[in-house]
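First comes the structure, then the notes that go with it.
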Amino acid sequence: MARQVVECVPNFSDGRNDETVRLLAEAVRGVAGVRLANVSADPDHHRTVLTFLGAPEAVAEAAFRAACVAVERIDLRTHQGVHPRIGAVDVMPFIPLRNVAMSECVQLAREVGYRIARELDVPVYFYEHAALPGRPHDLPTLRRGGFEKWAGVVLTEDRAPDAGPNRLHPTAGAAIVGARHPLIAFNINLNTDRVEVAQHIAHTIRQQRQHVPQLTGVRALGLLLPSRGIVQVSLNLTQPERSPLWWVLEYVRTLAAQHQVEVLETELIGLAPASAIVEAAAEYLQNPALSEASLLDLWLDPDWQPD
Numbered sequence: 194m195a196r197q198v199v200e201c202v203p204n205f206s207d208g209r210n211d212e213t214v215r216l217l218a219e220a221v222r223g224v225a226g227v228r229l230a231n232v233s234a235d236p237d238h239h240r241t242v243l244t245f246l247g248a249p250e251a252v253a254e255a256a257f258r259a260a261c262v263a264v265e266r267i268d269l270r271t272h273q274g275v276h277p278r279i280g281a282v283d284v285m286p287f288i289p290l291r292n293v294a295m296s297e298c299v300q301l302a303r304e305v306g307y308r309i310a311r312e313l314d315v316p317v318y319f320y321e322h323a324a325l326p327g328r329p330h331d332l333p334t335l336r337r338g339g340f341e342k343w344a345g346v347v348l349t350e351d352r353a354p355d356a357g358p359n360r361l362h363p364t365a366g367a368a369i370v371g372a373r374h375p376l377i378a379f380n381i382n383l384n385t386d387r388v389e390v391a392q393h394i395a396h397t398i399r400q401q402r403q404h405v406p407q408l409t410g411v412r413a414l415g416l417l418l419p420s421r422g423i424v425q426v427s428l429n430l431t432q433p434e435r436s437p438l439w440w441v442l443e444y445v446r447t448l449a450a451q452h453q454v455e456v457l458e459t460e461l462i463g464l465a466p467a468s469a470i471v472e473a474a475a476e477y478l479q480n481p482a483l484s485e486a487s488l489l490d491l492w493l494d495p496d497w498q499p500d
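Each residue of the sequence shown is one higher than the last, beginning at 194 in our numbering.
Here it is, written out as structure tokens:
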């Protein structure tokens, strides 16, 4: 049977406590058959993103073990960060990578979600492909209002969870668990502390994504990063095949220049498909012949074949 590979990219609401970040990573590393590929912790977002992959059942077990750490250690009553959040296990997507159907990731998401609800007493919402029929399915809607708005409130109608108690966990809030296609989390940092600049750029992207094909599916937030004294346009490229990294960067660069602001640096959170990186390299190196077949590292994977 061909090897199956699933990716999980959970976002946990702590990016400042080194011990919590270490324990989250150890929970994943402790599961045989799972590779922890990336740990990204940010103090301003106050958020840690783990990226790990492996066989479906092993990935599901690693995800649950990390959720146990988060629920035990993270207290949203004292949490302050610039990124929206409603739970300690804020979002946990399962992504099919190799020889896995989306339906299998939906099943994994629901199994892990019901287990979180049952064993950790945390209300769970299912999102994107794992959303239950007739229920809200998009992440911004499910997270709207955050922990503070819904703490202590009986959750009914559209706010009723899909599993677990009808109130937020007193310290860990709710968990949003789902299945989705790969996306690229891409941040663009600007050399200014004027948050209104980043917010205006993010608003423009959200406004124009209905009209500009390259912005289709791009989610954008404008955030202040107090520890660095700069602002950030935080992006999720949910349809990366339509939104080239280089094009999005140049679009933001043009909008920033209208405010006499420059791009300082960019950040990639987690992993990105090789095709997206090659596409950006081909543009900036002015080498249209560049392709994934040009990358030595890919040829080291015995399963990889050029298209």
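Cβ atoms here follow ideal geometry from the backbone N, Cα and C, with glycine treated the same way.
Give the C-beta separation of aspartate 237 and glycine 274 to the nearest angstrom, bearing in mind that I take them to be a contact with Cβ-Cβ under 8 Å.
-> Position 44 of the sequence shown holds residue 237. Position 81 of the sequence shown holds residue 274. Indeed they touch by this definition, with Cβ atoms about 7 Å apart.
From which residue to which residue does the beta strand (DSSP E) around isoleucine 470 run?
-> Residue numbering aside, residue 470 sits at position 277 when the sequence shown is read from its first letter. Where isoleucine 470 is concerned, there is no enclosing beta strand (DSSP E), although the alpha helix (DSSP H) it sits in stretches over 467–477.
Inter-residue Cα distance where the pair is isoleucine 423 and alanine 259 | Along the sequence shown, read from residue 1 onward, the residue named residue 423 stands at position 230. Along the sequence shown, read from residue 1 onward, the residue named residue 259 stands at position 66. Approximately 31 Å between the Cα atoms of the pair.
What number of angstroms, rounded off, separates the C-alpha of proline 375 from the C-alpha of arginine 402?
-> Taking the first residue of the sequence shown as 1, we reach residue 375 at position 182. Taking the first residue of the sequence shown as 1, we reach residue 402 at position 209. The alpha-carbon atoms of proline 375 and arginine 402 are separated by roughly 19 Å.
Buried versus exposed call for glycine 382 [16 or more other C-beta atoms within 10 Å across all chains shown] = On the sequence shown, residue 382 is found 189 positions in, with the first residue counted as 1. For the sequence presented, residue 382 should be read as asparagine rather than glycine. Buried: at least 16 other Cβ atoms inside 10 Å.
Does the beta carbon of arginine 421 sit closer than 8 Å to a beta carbon anywhere in chain C?
-> Among the chains in the structure shown there is no chain C, since it carries only a single protein chain.
In whole angstroms, what is the alpha-carbon distance linking proline 520 and glutamine 432?
-> Past the edges of the chain, shown from 194 to 500, lies residue 520, and the structure says nothing about it.
Exposure of asparagine 359, with buried meaning 16 or more beta-carbon neighbours within 10 Å = For the purposes of this step, residue 359 is taken as the residue at position 166 of the sequence shown. Flag for asparagine 359 reads exposed.
Using the rule of at least 16 other Cβ atoms within 10 Å of the residue's Cβ for burial, across every protein chain shown, is valine 346 buried or exposed?
-> Residue 346 sits at position 153 when you count from the first residue of the sequence shown. Exposed is the call here.
Limits of the unbroken alpha helix (DSSP H) element including aspartate 490 | Within the sequence shown, the letter at position 297 stands for residue 490. Per DSSP, aspartate 490 belongs to the alpha helix (DSSP H) from 489–492.
Using a Cβ-Cβ cut-off of 7 Å (strictly less than) and excluding sequence neighbours within five positions of arginine 209, which residues of its own chain qualify?
-> The count along the sequence shown starts at 1 and reaches residue 209 at position 16. Answer for arginine 209: Pro236, His239, listed in chain order.
Going by C-alpha distance, which of Asn204, Ile369, Val252 is nearest valine 224?
-> Against the sequence shown, residue 224 aligns to sequence position 31. Among Asn204, Ile369, Val252, the Cα nearest to that of valine 224 is on Val252.
Going by DSSP, what residues sit across from asparagine 359 in a beta bridge?
-> Residue numbering aside, residue 359 sits at position 166 when the sequence shown is read from its first letter. Answer is none; asparagine 359 lacks a bridge partner.
Could you give the C-beta distance for proline 277 and arginine 336, rounded to a whole number, given that I count them as a contact under 8 Å?
-> Here residue 277 refers to the residue found at position 84 of the sequence shown. Here residue 336 refers to the residue found at position 143 of the sequence shown. That belief holds up - the Cβ atoms of proline 277 and arginine 336 are roughly 5 Å apart, short of 8 Å.
DSSP state of serine 233 mapped onto helix, strand, coil = For the purposes of this step, residue 233 is taken as the residue at position 40 of the sequence shown. The answer is strand: DSSP assigns serine 233 an E or B state.
Would you tell me roughly how many angstroms separate the C-alpha atoms of leucine 325 and glycine 371, rounded to the nearest one?
-> In the sequence shown, residue 325 corresponds to position 132, counting from 1. In the sequence shown, residue 371 corresponds to position 178, counting from 1. Going from the Cα of leucine 325 to the Cα of glycine 371 covers about 10 Å.
Less than 8 Å separating the beta-carbons of arginine 299 and isoleucine 309?
-> Counting from 1 along the sequence shown, the entry for residue 299 is found at position 106. Counting from 1 along the sequence shown, the entry for residue 309 is found at position 116. This sequence places valine at residue 299; arginine is not what is there. For valine 299 and isoleucine 309, no; Cβs fall outside 8 Å.
Length-filtered (4 minimum) alpha helix (DSSP H) runs lying within the region 375–419 | 388–401
Would you give the residue range spanned by the alpha helix (DSSP H) that glutamine 432 belongs to?
-> Within the sequence shown, numbered from 1, the residue matching residue 432 stands at position 239. From DSSP, glutamine 432 is part of no alpha helix (DSSP H); its letter is neither H nor E.
Could you give the distance in angstroms between the alpha-carbon of leucine 442 and the alpha-carbon of glutamate 476?
-> Here the question's residue 442 lines up with position 249 in the sequence shown. Here the question's residue 476 lines up with position 283 in the sequence shown. Looking at the two C-alpha atoms, the distance is approximately 12 Å.
Would leucine 217 pass as a contact of leucine 246 if the rule is Cβ separation under 8 Å?
-> For the purposes of this step, residue 217 is taken as residue 24 along the sequence shown, with counting starting at 1. For the purposes of this step, residue 246 is taken as residue 53 along the sequence shown, with counting starting at 1. Contact: no.
Threonine 213 vs isoleucine 279 beta-carbon contact at 8 Å = As a working note, residue 213 is residue 20 in the sequence shown. As a working note, residue 279 is residue 86 in the sequence shown. No, Cβ-Cβ distance for threonine 213 and isoleucine 279 is not below 8 Å.
Top-ranked residue by Cα proximity to threonine 385, from Pro419, Glu200, Gly463 = Taking the first residue of the sequence shown as position 1, residue 385 is located at position 192. Of the candidates Pro419, Glu200, Gly463, the one whose C-alpha sits nearest the C-alpha of threonine 385 is Pro419.
Beta-carbon proximity of serine 233 to isoleucine 462, cut-off 8 Å | Along the sequence shown, read from residue 1 onward, the residue named residue 233 stands at position 40. Along the sequence shown, read from residue 1 onward, the residue named residue 462 stands at position 269. Contact flag set, yes.
With respect to the beta strand (DSSP E) encompassing leucine 325, which residues constitute its N-terminal and C-terminal limits?
-> The residue you call residue 325 lines up with position 132 of the sequence shown. That residue, leucine 325, is in no beta strand (DSSP E); it is neither H nor E in DSSP.
Buried versus exposed call for glutamate 219 [16 or more other C-beta atoms within 10 Å across all chains shown] | One-based indexing of the sequence shown puts residue 219 at position 26. When all chains shown are included, glutamate 219 counts as exposed.
Per DSSP, glutamine 425 forms a beta bridge with which residues?
-> Counting from one through the sequence shown, the residue named residue 425 turns up at place 232. Looking at the DSSP assignment, glutamine 425 forms a beta bridge with Asn382, Leu416.
Round the Cβ separation of arginine 501 and aspartate 355 to the nearest angstrom and send it over; I've been treating them as touching at under 8 Å.
-> Past the boundaries of the shown model lies residue 501; the chain is included only from 194 to 500, so the question cannot be answered.
So what does DSSP say about leucine 457, is it helix, strand or coil?
-> Start at 1 with the first residue of the sequence shown, and residue 457 comes out as number 264. In this structure, leucine 457 counts as strand in the three-state DSSP scheme.
For glycine 366, write down the residues that DSSP places opposite it in a beta bridge.
-> Mapped onto the sequence shown, residue 366 falls at position 173. DSSP, once it has assigned bridges, lists Gly280, His362 as partnering glycine 366.
Assign arginine 215 to one of two classes, buried (16 or more other C-beta atoms within 10 Å of its C-beta) or exposed (fewer than that).
-> For the purposes of this step, residue 215 is identified with residue 22 of the sequence shown, where counting begins at 1. The residue is exposed, with fewer than 16 neighbouring Cβ atoms inside 10 Å.
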